[in-house]
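Residue numbers (my numbering): 793 to 1064.
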């Protein structure tokens, strides 16, 4: 009688770790170049929502295992639904809307999110980087929106990309599909810093920890205001920002921070 071995459990597709007050979410589908399957999108969204509710966490980092950061949507998963009665239309809409909601959850998270990019970030992977508030890239990283090469224009990645880089540069990436280097990504504003290969995760955590030292209330207020005013006219943006500043001035942390500045000491935050 032969004994059949138990199948090995599948590794988790998203790893979660807490480093001090920073949550590190690591995409863990290296064999699939960390593509955004429906399950990956769902787990990322759920993790972001959990971070929003956890007062111990003051910032987040999104990283990835393997040579690629994220190759975009899982094209094998999408193509498999071509045999559906509607040729996949309902599933495609479900995935695109779920991915868009997850990206918006990053933007609306009241805590800063830093991307740590070690390899290629293409299509929705590039969108993920652009959706984060800050980004650290390895000198080996490359960024592209190459959907046009396979007859699928990167329309949803375009939303985040065009809100990060100037129009001409965004259109060049979208229309040519050509990758840009980490240094070029920094030049056009897609990433904040470029570091030696292998140093990107440490640098991303360090940057997140630096922001985590600030008043959580102030960071929440400022992040929300940053994204809201960006879509307003100049006059409306100033009117809104003045309201936010007034509200901020009434906060206990602003009173404490200003007093500490005058008294030349470190402030004691209460996050209120």
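Backbone N, C-alpha and C fix where the C-beta goes; we use that ideal spot for every residue, glycine too.
The continuous beta strand (DSSP E) containing residue 912 extends over residues 912-914. Excluding its 5 nearest sequence neighbours in each direction, residue 849 has C-beta neighbours in its own chain below 8 Å: 810, 813, 814, 815, 843 and 903, listed in chain order. Taking 8 Å as the cut-off, the beta carbon of residue 933 is found closer than this to the beta carbon of residue 911. For residue 999, the CB contacts under 7 Å within the same chain, skipping 5 residues up- and downstream, are 906, 926 and 928 in chain order. Taking residue 937 as reference, the option from 930, 919 and 924 with the minimal CA-CA separation is 919.
By the neighbour-count definition (other C-beta atoms within 10 Å, threshold 16), residue 949 is a buried residue. Buried is the label assigned to residue 915, since at least 16 other Cβ atoms lie within 10 Å of its Cβ. When C-alpha distances from residue 824 are compared across 839, 835, 836 and 805, the shortest belongs to 805.
Taking 8 Å as the cut-off, the Cβ atoms of residue 890 and residue 834 count as close. Here residue 933 carries a coil assignment [DSSP, helix/strand/coil].
Taking one beta carbon from each stretch, the region 852-866 and the region 1001-1016 have fewer than 3 pairs nearer than 8 Å; the two do not touch.
Residue 873 sits in a helix when the DSSP states are folded into three classes. Uninterrupted alpha helix (DSSP H) stretches at least 4 residues long and entirely within the region 956-1024 occur at 959-968, 974-979, 992-1004 and 1008-1021, given in chain order.
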